[in-house]
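Chains as they are written, first to last, in the UniProt record's numbering: chain A, 1 to 362; chain B, 1 to 362.
Protein chains: 2
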Amino acid sequence: MAHDHEPAKPHRITISTVAAALGVAVSTVSNAYNRPDQLSAELRERVLAVATELGYPGPNPVARSLRQQRAGAVGVLFAERLPYAFRDPAVLMVLEGIATTLEQAGLGLLLVPGRDDDTTTVQQALVDGFIVYSMMETDPLVQAALKRRLPTVLLDQPPRPDVPSIIVDDEAGARMATEHLLSLGHRQFAIITDRLVETNLRPSSAPINVHDQSKPTFFVTQLRLQGYRQPLEAAGIDWRSVPIYDCNDNNEADGAAAIQILLAHNPRPTAILCLTDRLALGAIAGAQQAGYQVPQQLSIVGFDDIPQASQSVPSLTTIRQDHRQKGLSAGQALIELLAGQSPTSYQRLAVELVVRDSTAAI
Amino acid sequence: MAHDHEPAKPHRITISTVAAALGVAVSTVSNAYNRPDQLSAELRERVLAVATELGYPGPNPVARSLRQQRAGAVGVLFAERLPYAFRDPAVLMVLEGIATTLEQAGLGLLLVPGRDDDTTTVQQALVDGFIVYSMMETDPLVQAALKRRLPTVLLDQPPRPDVPSIIVDDEAGARMATEHLLSLGHRQFAIITDRLVETNLRPSSAPINVHDQSKPTFFVTQLRLQGYRQPLEAAGIDWRSVPIYDCNDNNEADGAAAIQILLAHNPRPTAILCLTDRLALGAIAGAQQAGYQVPQQLSIVGFDDIPQASQSVPSLTTIRQDHRQKGLSAGQALIELLAGQSPTSYQRLAVELVVRDSTAAI
DNA sequence: CTATACTTCTGAATCGTTACAGAAAAAACG
DNA sequence: CGTTTTTTCTGTAACGATTCAGAAGTATAG
Chain A
1 MAHDHEPAKP HRITISTVAA ALGVAVSTVS NAYNRPDQLS AELRERVLAV ATELGYPGPN
61 PVARSLRQQR AGAVGVLFAE RLPYAFRDPA VLMVLEGIAT TLEQAGLGLL LVPGRDDDTT
121 TVQQALVDGF IVYSMMETDP LVQAALKRRL PTVLLDQPPR PDVPSIIVDD EAGARMATEH
181 LLSLGHRQFA IITDRLVETN LRPSSAPINV HDQSKPTFFV TQLRLQGYRQ PLEAAGIDWR
241 SVPIYDCNDN NEADGAAAIQ ILLAHNPRPT AILCLTDRLA LGAIAGAQQA GYQVPQQLSI
301 VGFDDIPQAS QSVPSLTTIR QDHRQKGLSA GQALIELLAG QSPTSYQRLA VELVVRDSTA
361 AI
Chain B
1 MAHDHEPAKP HRITISTVAA ALGVAVSTVS NAYNRPDQLS AELRERVLAV ATELGYPGPN
61 PVARSLRQQR AGAVGVLFAE RLPYAFRDPA VLMVLEGIAT TLEQAGLGLL LVPGRDDDTT
121 TVQQALVDGF IVYSMMETDP LVQAALKRRL PTVLLDQPPR PDVPSIIVDD EAGARMATEH
181 LLSLGHRQFA IITDRLVETN LRPSSAPINV HDQSKPTFFV TQLRLQGYRQ PLEAAGIDWR
241 SVPIYDCNDN NEADGAAAIQ ILLAHNPRPT AILCLTDRLA LGAIAGAQQA GYQVPQQLSI
301 VGFDDIPQAS QSVPSLTTIR QDHRQKGLSA GQALIELLAG QSPTSYQRLA VELVVRDSTA
361 AI
């Protein structure tokens, strides 16, 4: 045997290769791996020995999954190109929460790539369920995921019947931010958002009026804008007069660029509501660069309370939400769903105003 | 019993349910989904219509995977508990690089959870290949992954024959850091590392001498320590006299704690070599807190050049490596492997000394 | 009108397991 | 020593698709 010429059998080694080599039934080999109590220890060892000798890589997980009707992984759908997920601090905290619960349940976390024209990746993802996180409701990937009819949890998405949703009280948060600024005496507001209008539809880089568009946008964006609007109008400020600058992307550089334009606006705003902390941190930097004092001349409020918010100079007044908890709740809900239980179909997480040094009385 | 009406059979809807409903062959239904050119447009539409009417979720991906012998996803194995991966800036850049290449190839990224005693998650992961990143070589998860005999790429791991490896020239980087400090005239060195000794084996929290252990540790840890040692010995400094503080974890708090102990050491070190930027940033903060001036009284060098390194005060002198490129290369190599090509079996990425403000002449 | 070439559709084999009912062998029992 | 129980092992039917050779039917050509 040792001197045999390698016939280089390109044939695949499966459970039945091993069974044949030993002259036992395939079910015996299967049992050797999965039910040690179903065969004698002696035979089991022989099976395992022959298996390694033949280079058998162990039971094929795909075949096992087919038979057992479970994939052992959960798919996460996310609005952005995959790599972006690893760059945004808020997103990362959410993913961390999701990962924590999944790990405890022994489930893998599959990040599904999304070229939005092509839904095959979603259709073919080997998962037991989905967490759909902050996608445009109209995104074909969302439709594709729902069509799979797998246990699914929506996170930062417009709720749908029959699908558990976890959302944050973004609207209340935005109200709190606005009321805070109003209470400081501000009357001239401006807003920095991102991707209010899809990039390819965007008319120009100038601030746009929110009324000019009712295109699809992100759910949380809608909620936050609505939360800004209400107290402003209650304070007698014309919503249509509030300039809104729509960035291409959620990052500091875009926030810095936005503030330049808004500071040139007449009347010059004294209070800036930013839809995210990253935009707000960029706005602070941009304003300072342009020679403005924050908060003496300009108050800026963010949203999310990412770790960097407390590090900046001045530190950022913002709305705190528990990102990690958001992920934990989503993961938990999905795990319950997978276990055949029915989790609360709608969870709303609270937010909190964190007053720091980027806001001051006018 | 009398009025026991049959509730609609909760029977699963498969391709053959649809075929039966239409009175066509299953292969026809399959073709309707996968080979539109193989049947008339009219029939195809009828198939699809009936399918949605029956609530058919589309071809089962697991069955398809079994037949087609591909999972459409790549597994990433990482040393830490899953959630940690989302917290470490350096790791995130690597993951971003990996995700970028995988997305382009339309592959999913499966984060495999690792309870180290239990390898079933690795054995059962539905993937076409693995990227093994910065794991202890002795970790059973690594063994389990290799046993799968899938295309695999090693990243920051000791190279193995027949498995493409991508590593960073950590040793050279550590040498550069050390030589930089030596050239500034430093003679009293100390080192801050983490997890040199497994947590449960750790004797105490006091600095330990590296000679006292030859336990398994991380590959890059070994390389970096070796890189520190060589120039020190060349400069006539007794390696055994260099205190090494071994933290429980790679984070700022542990770095800050470590520096307190080291500053109490006699003779007091003037130059601190940190195995990571996070430890170094913690060390700077800790030293300042204890009333020491960095770099006037104490020079500190990090490793990795994470984004935060340039933001700290003083900014951190460190060794830069291209984390994103590391991920890109690993992803690329794996994709080539999956395509049946054979990528270069060994890639070593260069590093670079970045001198900032945390180091000065003694 | 026959021969040839397309279209359109079908049937059976295959992917690699696990689950389950039951056969064979061994052990325990009265 | 026959009978029952327990331990081991086996054979086969799912699991849900895709693939591919070829059957029927239809159009094109000669």
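Even for Gly, the Cβ is constructed at its ideal location relative to N, Cα and C.
7 Å Cβ cutoff, residue i in contact with chain B
i: Val18/A; result: no
i: Val29/A; result: no
i: Pro36/A; result: no
Residue-level contact to chain A via CB, residue i, 7 Å cutoff
i: Gly58/B; result: yes
i: Ala8/B; result: Annotation note: pLDDT 38 at Ala8/B (below 50); position unreliable, coordinate value reported separately. Not one chain A Cβ lies under 7 Å of Ala8/B.
i: Ala99/B; result: yes
i: Gly331/B; result: no
i: Asp4/B; result: In this predicted model, Asp4/B has a pLDDT of only 37, less than 50, meaning its place in the structure is not dependable enough to derive any value.
i: Thr359/B; result: no
i: Met1/B; result: Any reading at Met1/B must be qualified, since the residue scores a pLDDT of 37, below 50, and its modelled position is unreliable; no value is offered.
Per-residue contacts from residue i into chain B (C-beta, under 9 Å)
i: Leu65/A; result: First, the amino acid is wrong: residue 65/A is Ser here, not Leu. Chain B residues near Ser65/A: Val62, Ser65, Leu66, Gln124 and Leu126.
Closer than 9 Å at the beta carbon, the chain A residues around residue i
i: Gly72/B; result: Thr120, Thr121, Gln124, Ala125 and Leu126
i: Pro113/B; result: Ala99, Leu102, Glu103, Gln104, Ala105, Gly106, Leu107, Gly108 and Leu109
8 Å contact criterion, which residue i and residue j should meet: CB distance rounded
i: Val132/B; j: Leu154/B; result: 5 Å
i: Pro183/A; j: Ile284/A; result: Reading off the sequence shown, one finds Ser at residue 183/A, where the question assumed Pro. That belief does not hold up - the Cβ atoms of Ser183/A and Ile284/A are roughly 21 Å apart, past 8 Å.
i: Ile272/B; j: Leu232/B; result: Actually they do not touch by this definition, with Cβ atoms about 13 Å apart.
i: Val354/A; j: Thr318/A; result: 6 Å
i: Leu337/A; j: Pro151/A; result: 4 Å
i: Gln321/B; j: Leu275/B; result: Not a contact, Cβ separation roughly 13 Å.
i: Gln347/A; j: Ile192/A; result: Incorrect: roughly 29 Å between the Cβ atoms, too far for contact.
i: Gln188/A; j: Pro269/A; result: 5 Å
i: Pro140/A; j: Thr120/A; result: Rounded, the Cβ-Cβ distance is 11 Å, inconsistent with contact.
i: Val62/A; j: Val62/B; result: 6 Å
i: Thr17/B; j: Tyr56/B; result: 7 Å
i: Gly110/A; j: Leu110/B; result: Per the sequence shown, residue 110/A should be read as Leu rather than Gly. Going by Cβ atoms, the distance from Leu110/A to Leu110/B rounds to 5 Å, so yes, they are a contact pair.
i: Ala144/B; j: Val122/B; result: 4 Å
i: Asp304/B; j: Leu223/B; result: With 8 Å as the limit, Asp304/B and Leu223/B do not qualify as a contact, their Cβ atoms being about 13 Å apart.
Cross-chain neighbours of residue i in chain B, by beta carbon under 8 Å
i: Gly55/A; result: Arg149
i: Leu82/A; result: Ala99, Thr100, Leu102, Glu103 and Leu109
Contact list for the segment 84 to 96 of chain A against chain B, Cβ threshold 7 Å: Phe86, Arg87, Leu92, Leu95 and Glu96
Against chain B: residues of the segment 279 to 295 of chain A by CB proximity under 8 Å: none
Ordered list of beta strand (DSSP E) runs contained in the segment 240 to 267 of chain B, each at least 3 residues: 244 to 247
Runs of beta strand (DSSP E) wholly within the segment 265 to 334 of chain B (minimum 3 residues, chain order): 271 to 274, 299 to 301 and 318 to 321
Ranges of the alpha helix (DSSP H) found wholly within the segment 154 to 202 of chain B, counting only runs of at least 4: 170 to 183
Whole alpha helix (DSSP H) elements within the segment 107 to 138 of chain B, 4-residue minimum: Complete alpha helix (DSSP H) runs here, min 4: 120 to 123.
Completely contained alpha helix (DSSP H) runs for the segment 19 to 96 of chain A, where each covers 4 or more residues: 26 to 34, 41 to 54 and 61 to 68
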